[in-house]
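Each residue of the sequence shown is one higher than the one before, counting from 1159 in my numbering. Just so you know, even glycine gets a beta-carbon here, dropped at the ideal spot from N, CA and C. Inspection log for the structure reproduced underneath, given as structure tokens.
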Amino acid sequence: MWSYVLKRLLLMIPTVLGVMLITFVVVQFVPGGPVEQLVSQLQGREGGLEAGGAPAAAAAPGTGGYRGRQGVDAAKVEEIKKLYGFDKPAPERFVRMLGQFLRLDLGKSFFQNKDVAELIKEKLPVSISLGMWTFLLTYLISVPLGIAKAVRAGTPFDTATTFLVLLGYSIPPFVLGVVLLVYFAGGSFVQWFPLRGLVSTSWDQLTLLGKITDYLWHITLPITAMVVGGFAVITLLVKNSVLEEIRKQYVMTARAKGVAERRVLWRHVFRNALIPIMTGFPAAFIGAFFSGALLIETLFSLDGLGLLSYESVIRRDYPVVFANLFVFTLIGLLTQLVRDLGYVWADPRVRYFD
């Protein structure tokens, strides 16, 4: 097994290199880089617009050129390029970036004057809170619910719960978040929950119990908005997997031998039904932590990694963009490895390393 794990870890190296290389090449052709962003600020173009409202970075008709650097002394532009390291050839910049990542140096933000590692550390509590609770609650509710639906297939309970989970799935998290804010955060009805933030401003002065209560009070609405839509897929997948296993011969044999129904369900059926459920584990894990919270973070004024990644792309803050990509790719690959090892635990017939 350890040889297989080592091979997978070694294969992650070219995978990460490939992802970083492709992204780096694409970035070279994107107009409006950090140099142009700073030049536009020096020109006094608020929001990247000319005085007449036309995009500052747009090319004039018939010129075919980029206007982001017009009106600024060429020596000043070269000084800005040197400041950001764009005076070096692209291959040299790519190799230098990889060398920094190998030393676990994620670089420094172009626009926030902070180390990227420090920025990620600041935003991580929000993303961990949203991702951890979303992931745990989704699986802790969906898996037992799916099993209950399979055992009671065709009953009113099965029909009613199917309607409810599909209803939740049809409502976008952002829309549900707006509804929750309007009804429960002082919009037009009651103000049972806070409007923004992960904790209160007086959080440091609270007792331990008070801190826990305040934290849970703040995350209730955003977590609800993120979780409700995720029930349907996992619940129905669990139900169908369990139903397929229940109808197999080994289950009938176990029942004929007098094995208790609970033991048959949890010891035999659930373990075999777990394999297709684990297929979506990496995507659900990564999505809950990083990719699905941008709109929720914006709506509830939560400053997390989703918002950081979006703003860094918009502002062409490349050190933050590449550092986030590097971290997310590594986490995704490691999660895939954990999933494959989980297959072996769930089904002894699966072997990757014979």
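Sort the options by Cα distance to residue i and report the nearest one.
i, options, result
"Phe1321", "Trp1291, Phe1389, Asp1273", "Phe1389"
"Thr1292", "Phe1315, Leu1452, Val1386, Leu1366", "Val1386"
"Pro1189", "Trp1503, Tyr1476, Leu1483", "Tyr1476"
"Glu1455", "Leu1288, Asp1273, Thr1359", "Leu1288"
"Leu1298", "Gly1312, Ile1435, Pro1247", "Ile1435"
"Leu1483", "Ile1180, Thr1411, Thr1296", "Ile1180"
"Ile1433", "Leu1466, Arg1405, Trp1503, Lys1406", "Trp1503"
"Arg1405", "Ala1311, Leu1295, Glu1236, Leu1262", "Ala1311"
Could you give the DSSP three-state label for residue i: helix, strand or coil?
i, result
"Asp1316", "helix"
"Ala1233", "helix"
"Lys1266", "strand"
"Asp1362", "helix"
"Ala1311", "coil"
"Asp1498", "helix"
"Ala1343", "strand"
"Asp1475", "coil"
"Asp1245", "coil"
"Asp1273", "strand"
In angstroms with no decimal places, state the Cα-to-Cα distance between residue i and residue j.
i, j, result
"Val1185", "Val1163", "33 Å"
"Trp1350", "Ile1381", "15 Å"
"Ala1275", "Arg1251", "19 Å"
"Arg1429", "Ser1399", "10 Å"
"Gln1171", "Pro1249", "In the sequence as presented, Gln is not what sits at residue 1171; that position holds Ile. One C-alpha to the other measures close to 18 Å."
"Glu1538", "Ala1431", "Any question about residue 1538 goes unanswered here, given that the chain covers just 1159 to 1512."
"Val1422", "Val1409", "7 Å"
"Tyr1224", "Asp1245", "Low confidence applies here, because Tyr1224 scores a pLDDT of 45, under 50, leaving its location unreliable; read the following figure in that light. Taking the straight line joining both Cα atoms gives about 18 Å."
"Gly1416", "Val1427", "16 Å"
"Leu1499", "Ile1489", "15 Å"
"Met1178", "Gln1258", "13 Å"
"Asp1316", "Leu1401", "13 Å"
"Trp1424", "Pro1314", "23 Å"
"Leu1353", "Met1255", "40 Å"
"Thr1365", "Leu1324", "41 Å"
"Arg1420", "Val1391", "25 Å"
"Gly1326", "Ile1305", "19 Å"
"Trp1361", "Thr1173", "43 Å"
"Ser1300", "Thr1319", "11 Å"
"Gly1243", "Leu1277", "21 Å"
"Met1159", "Tyr1501", "13 Å"
"Val1336", "Leu1466", "21 Å"
"Asp1273", "Val1340", "38 Å"
"Arg1413", "Thr1359", "58 Å"
"Gln1407", "Val1309", "17 Å"
"Ile1329", "Leu1260", "43 Å"
"Leu1262", "Thr1296", "33 Å"
"Ala1233", "Val1253", "27 Å"
"Ala1418", "Thr1487", "45 Å"
"Leu1374", "Asn1271", "33 Å"
"Ser1161", "Gln1363", "51 Å"
"Lys1240", "Pro1247", "11 Å"
"Phe1187", "Glu1236", "19 Å"
Cβ of residue i within 7 Å of Cβ of residue j?
i, j, result
"Thr1393", "Leu1303", "yes"
"Pro1331", "Met1290", "no"
"His1376", "Leu1356", "yes"
"Lys1266", "Lys1397", "no"
"Phe1182", "Arg1473", "no"
"Val1485", "Val1479", "no"
"Leu1175", "Ala1481", "no"
"Tyr1468", "Leu1452", "yes"
"Leu1379", "Leu1334", "no"
Just to check, is the beta-carbon of residue i closer than 6 Å to a non-hydrogen atom of the ligand COA?
i, result
"Arg1429", "Although the ligand COA was asked about, the structure shown includes no ligands whatsoever."
Please decide whether residue i counts as near chain C, where near means a Cβ-Cβ distance under 7 Å.
i, result
"Asp1316", "Note that chain C does not occur in the displayed structure, where there is just one protein chain."
field: Segment contact, 8 Å Cβ cut-off, at least three pairs: the region 1274 to 1286 with the region 1458 to 1471
entry: Yes: the two stretches touch, three or more of their Cβ pairs being nearer than 8 Å.
task: Examine the Cβ distances between the region 1489 to 1496 and the region 1166 to 1186 and report whether three or more of them are shorter than 8 Å.
output: With the cut-off at 8 Å, the region 1489 to 1496 and the region 1166 to 1186 touch.
query: Are the region 1334 to 1345 and the region 1355 to 1374 in contact at 8 Å, needing three or more beta carbon pairs?
result: Proximity of the region 1334 to 1345 to the region 1355 to 1374 falls short of the contact definition, fewer than three beta-carbon pairs being nearer than 8 Å.
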